[in-house]
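Enquirer:
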Amino acid sequence: MKVTVLGRGNMGAPIAELSRKAGHDVTVVGQDGNAVAAIADADLVVLALHFGPAKQILGNAEVQDALDGKVLIDVTNPLAPDYMSLTIGHETSAGEVLADMVPGARVVKAFNTVFADLLKGQVAGVASPVPVYVAGNDADALAKVVSFIDGLGLVAIESGPLSNARYLEPMAELMIQLGYGLGHGANIGFALVKAA
7 MKVTVLGRGN MGAPIAELSR KAGHDVTVVG QDGNAVAAIA DADLVVLALH
57 FGPAKQILGN AEVQDALDGK VLIDVTNPLA PDYMSLTIGH ETSAGEVLAD
107 MVPGARVVKA FNTVFADLLK GQVAGVASPV PVYVAGNDAD ALAKVVSFID
157 GLGLVAIESG PLSNARYLEP MAELMIQLGY GLGHGANIGF ALVKAA
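The numbering of the sequence shown is the working numbering, which starts it at 7 and goes up by one.
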């Protein structure tokens, strides 16, 4: 599958590397690159930018046209500049705001509750299978993203409609508070535990 990752940073780099290791044809574009051509050629697009730059890119009419009909994985969290709080939430989410900007795209929220260090550990082959919570409104897009995530050696956990990004994004903020605010580090994550 042709995968375009928008973002070369903490999240984009390990997602791109895991995708390559899984046999996908991967193109990575930074904020200054030609996103339009890379999106047009992709089967799956991963938006791995901060929320502000993500809104800037998705505000481009050519990008919006290129995303028409595409599956777009939104990795963003609407974090304050110091990362210690969210700028929106509960009445809407970054996922919903971005989906409204690209109505032709099939937006799926995923990877936003995972620390980059866990993904880097997965790339290095030293991490336990990482749970990735996935939310979206389009059943076919959800199935494609779940299959993609599972194919990376991660564990996709279907989490309902895109409006549930309102709850996934605060999970990410709680991870930041636990990891950095309370000193647990960035090698932690949330698991879904089921009683036997």
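Just so you know, even glycine gets a beta-carbon here, dropped at the ideal spot from N, CA and C.
#1: Less than 8 Å between the C-beta atoms of I21 and V42, yes or no?
#2: Taking the straight line between their C-alpha atoms, what separation do you get for G58 and P87?
#3: Is Y89 helix, strand or coil by DSSP?
#4: Should H56 be labelled buried (16 or more other beta-carbon atoms within 10 Å of its own) or exposed?
#5: Identify, in the order they occur along the chain, each residue of the same chain with its Cβ nearer than 6 Å to the Cβ of A192, setting aside the five sequence neighbours on each side.
#6: Can you name, in chain order, every residue of its own chain whose Cβ lies under 8 Å from the Cβ of N83, other than the five neighbours on each side?
#7: State the Cα-Cα distance for the pair A201 and F154, rounded to the nearest angstrom.
#8: So what does DSSP say about K76, is it helix, strand or coil?
#9: Report yes if the CB atom of A105 is closer than 8 Å to the CB atom of K76, and no otherwise.
#10: Is A54 closer than 8 Å to T10 when the C-beta atoms are compared?
#11: Go through its chain and collect everything with a Cβ distance to G131's Cβ below 7 Å, but skip five positions before and after it.
#12: So for L104, helix, strand or coil by DSSP?
#13: Would DSSP call P176 helix, strand or coil?
#14: So what's D156 in DSSP terms, helix, strand or just coil?
#15: Could you tell me the boundaries of the alpha helix (DSSP H) in which I194 lies?
#16: For V152, which residues in the same chain have their Cβ closer than 7 Å to its Cβ, ignoring the five residues on either side in sequence?
#17: Where V69 and G29 are concerned, what is the direct C-alpha to C-alpha distance, given to the nearest angstrom?
#18: Within the region 109-141, note down every full beta strand (DSSP E) run reaching 3 residues or more, in order along the chain.
Expert: Looking at the coordinates:
#1: no
#2: About 10 Å.
#3: coil
#4: It counts as buried.
#5: F121, D123, G185
#6: Contacts found: F57, L92, A100, N118, E175, A178, E179.
#7: 27 Å
#8: coil
#9: no
#10: no
#11: none
#12: helix
#13: helix
#14: helix
#15: No alpha helix (DSSP H) holds I194; DSSP gives it neither H nor E.
#16: Cβ neighbours of V152 beyond the five flanking positions: V140, A162, E164.
#17: 26 Å
#18: 112-115
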